[in-house]
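Numbering (this note's numbering), first residue to last: 1 to 596. Using N, Cα and C, we set each Cβ at its ideal position, and we do this for glycine too.
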Amino acid sequence: MNKMRAAMYDNIPLTQRQIQSRAFGKSFDRGETLYTNGAISRTVRRGDEISARCRGSYPQPYRVWARIRAGEIAATGCSCEYDWGGDCKHIVALLLAYLHHPERFEEAETLRDALMSREKEDLLDIIEEMILLHPELEDIVEVVAGDGSSNQPLNLQSIRRELKQSLAFTGVWMDRVAEDKVYELTRLGSRLALRGDYADAIAIYCAILQECNAHDYPTDDEGQYVEAINNTVAHLKDAISRLEFANDEDLRQQVLDTLVDTLIWDIEFGGIDYGYEAEGLILEIAQSADITRIREHLGLIADRHRAEKRSSDWSAEAYESILIKLDRIDSIDPEETLKRLQAKELHYLHASKLLDLRRYEQAVGIIGEKMKKPHELIRGLDLLRSHDQAQTAIQLAEGALGSEYDNRIIEWLIGFYQQQGDLKTEFRWQSKRMRTDAHIDHYIGLRGVSESLDNWGTIRPQIIAELEKRQEYQVLTLVYLHEKDWDSAWVSLDKVSEPQFHHPSHVIYRLDFTVAEASRQVLPAPAIPVYVKYARAEIALRKRKRYGYAAKLLREVRGMYRQMNDSASWQRLIADLRREFARLPALQDELNKAGL
1 MNKMRAAMYD NIPLTQRQIQ SRAFGKSFDR GETLYTNGAI SRTVRRGDEI
51 SARCRGSYPQ PYRVWARIRA GEIAATGCSC EYDWGGDCKH IVALLLAYLH
101 HPERFEEAET LRDALMSREK EDLLDIIEEM ILLHPELEDI VEVVAGDGSS
151 NQPLNLQSIR RELKQSLAFT GVWMDRVAED KVYELTRLGS RLALRGDYAD
201 AIAIYCAILQ ECNAHDYPTD DEGQYVEAIN NTVAHLKDAI SRLEFANDED
251 LRQQVLDTLV DTLIWDIEFG GIDYGYEAEG LILEIAQSAD ITRIREHLGL
301 IADRHRAEKR SSDWSAEAYE SILIKLDRID SIDPEETLKR LQAKELHYLH
351 ASKLLDLRRY EQAVGIIGEK MKKPHELIRG LDLLRSHDQA QTAIQLAEGA
401 LGSEYDNRII EWLIGFYQQQ GDLKTEFRWQ SKRMRTDAHI DHYIGLRGVS
451 ESLDNWGTIR PQIIAELEKR QEYQVLTLVY LHEKDWDSAW VSLDKVSEPQ
501 FHHPSHVIYR LDFTVAEASR QVLPAPAIPV YVKYARAEIA LRKRKRYGYA
551 AKLLREVRGM YRQMNDSASW QRLIADLRRE FARLPALQDE LNKAGL
């Protein structure tokens, strides 16, 4: 028995690097401590899944599991509430236990095999006990109606009711009710699909999407709800690929209507990749009769938005781009498509279609004449580049800059020449940008290309002189900071005129603090009064949190005085501050906490 078990475990390799790569922050170190301290117990292996109990901060140990396939950790789970990305420390402890001692994991039947070996009465007892412990499982039983025969109908109303209830309770930060229910019901569909019941699986997937499409967007702090929807669409796509339903008119219409509504939901919300495979699936399964109906439906929505003047350029283009693809599938005359795009003044799509037809001169005319706003023009320039019309794009960009300077267009040109490796032309535009719009980032960009051309020694004095002449002292100060010329930075800072007021609820840390913070290790003397000024500004807000910030600043001041071997001045300063604010006990407490 032991030899057989050892041989099985040898077939599933696992490395510490794999475990570490899945754990973020301190999760790995803490999990390693749990493993070392013997927190893992009741270790079991069922096929490709390992599970255990892990002792944690609560009296009841956590249930933890992992699925390992082909030497990869395919999935993991834990009953703890950790939700900060990656595997929690309890999962890490489990994986380390398996890595170091796989022979200690008791071999057991898979859950399905174990259930298959039970009598019907035993299974009913198990189900009843599970529902007593977890009443929410009763909803799953209600999904299938009838007497248990294989041809019994699905209770789709139960699925819809469950989703409506889950979606109704969303709205709280970190709430997982909605996506958890979507995943749960999608798993139900996938179980039917595994049995070959693809039609019922499709019905479940469609019911899920229909209910979600009819509901507002729930609180979804990191996109988990959208991921759950995309998972459902992926399962729907897989089920469709395994079922011949070309002649099943009702089923195809149901699927298409559901997918079109999913697509509309995403466009209406602003495009967040909700059901992102829906469009491709529509184009894949739609027939000629379907295309006409879909086109009319999408066209009506787009036209209504346009009439109500509430459609953004993006949404109008999103709807029309789908219509263009439907036109192509349905062999619509390209001239009809072009007329429609021209009438709707969708210039980007109009130019794109002309470029697809290799009517370059017309496309360039539209981009140059109709797309004059910088953000529109840049889209047009990228469109030309994607159709091997880079030189034409450059001419349009340079022409636009000749009439009016715009940083976005000049950045596009600089980026283009960087990609081409054309240092001389890049230098020309970098230089123009710096001289027209002085900024530290532009200075750094110019310096980079100039050093590559080995002419920075000549160019730098010219730039510094121009900044001095134009009294661009703020930029000049940042330049000196970038070059770690601390003395020059302080000299230039004295010439900067910037407001010193502070926001009523927080302190605004300005350029003087930036200089002080960057140079304090080398020049502590001029930095000290700046730090004290901001400490006083924090105290003036009369809030304990701000007192804590003031204490941190004063702790840095103490360090600077120590660096100067001037403890006496520090003692006078802190004594004066404590006397001045003797009636602020919260401040005194924060100073005590900081050891001041």
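Whether residue i touches residue j by CB criterion (8 Å)
i	j	result
ALA489	LEU467	no
TYR531	ILE539	no
LEU511	TRP486	no
TYR217	ILE267	no
ILE91	ALA66	yes
GLU162	LEU185	yes
TYR183	ASN230	no
GLU279	LEU263	yes
LEU481	ALA518	yes
LEU341	ILE291	no
ALA52	ALA114	no
ARG578	GLN571	no
LEU346	LEU383	no
ALA108	VAL64	no
CYS54	ILE40	yes
ALA75	LEU154	no
Whole-angstrom C-beta distance between residue j and residue i, which should lie under 8 Å
i	j	result
VAL260	ILE240	VAL260 to ILE240, Cβ: 15 Å. No contact.
THR477	VAL496	6 Å
LEU243	TYR205	With a Cβ gap of about 12 Å, LEU243 and TYR205 do not count as contacting.
LYS552	ALA594	7 Å
ALA343	ALA351	About 15 Å; that fails the 8 Å criterion.
LEU167	HIS215	5 Å
TYR225	ALA178	5 Å
HIS235	GLY196	That belief does not hold up - the Cβ atoms of HIS235 and GLY196 are roughly 15 Å apart, past 8 Å.
TYR534	TYR509	7 Å
ILE322	LEU298	6 Å
Sequence-distant residues of the same chain with beta carbon closer than 6 Å to residue i, five excluded per side
i	result
ALA193	ALA201, ALA239
GLY85	PHE24
TYR417	THR425, GLU426
VAL479	TYR443
SER315	ILE267
GLY368	LEU396
LEU281	LYS237, LEU259
ARG544	ALA586
GLY77	TRP65
Opposing strand residues paired with residue i [DSSP bridges]
i	result
ARG53	SER41, ARG63
ARG583	Partner(s): none; ARG583 has no beta bridge.
ARG46	GLU49
Other residues of its chain near residue i: CB distance less than 7 Å, five sequence neighbours each side excluded
i	result
ILE324	THR337, LEU349, LYS353
ARG160	ALA207, GLU211
ILE409	PRO374, LEU377, ILE378, ALA397, ALA400, LEU401
ASP248	none
GLY47	THR110
SER27	GLY86, ASP87, CYS88, LYS89, VAL92
VAL449	LEU423, GLU426, PHE427, GLN430
THR232	VAL182, THR186, TYR205, ILE208, LEU209
GLN16	LEU99
SER492	TYR473, LEU476, THR477, TYR480
LEU584	none
GLY271	TRP314, ALA318
ASP122	none
HIS387	LEU355
Chain-order list of residues whose beta-carbon lies under 8 Å from that of residue i (same chain, five-residue window excluded)
i	result
GLU119	none
ASN407	ARG433, ASP437
LEU596	ALA551, LEU554, ARG555, ARG558, ILE574
ALA582	GLN588
LYS372	ALA400
ARG104	THR43, ALA97
Neighbour flag for residue i against chain B, beta carbons, 8 Å
i	result
GLN462	Checking the listed chains, one finds no chain B in this structure; it contains a single protein chain.
Subject >> Residue ranges of each alpha helix (DSSP H) within the segment 416-457, 4 or longer >> reply: 423-436, 440-452
Original post:
Considering only residues of the segment 67-106, which uninterrupted beta strand (DSSP E) runs meet the minimum length of 3 residues and lie entirely inside it, listed in chain order?
Top reply: 72-78
Subject >> Uninterrupted alpha helix (DSSP H) stretches inside the segment 314-347 (no shorter than 4 residues) >> reply: 334-343
Subject >> Every unbroken alpha helix (DSSP H) inside the segment 231-295 [4 residues or more] >> reply: 249-269, 278-285
**OP:** May I have a chain-ordered list of the alpha helix (DSSP H) segments no shorter than 4 residues that lie completely inside the segment 472-524?
**Re:** 473-482, 486-493, 511-519
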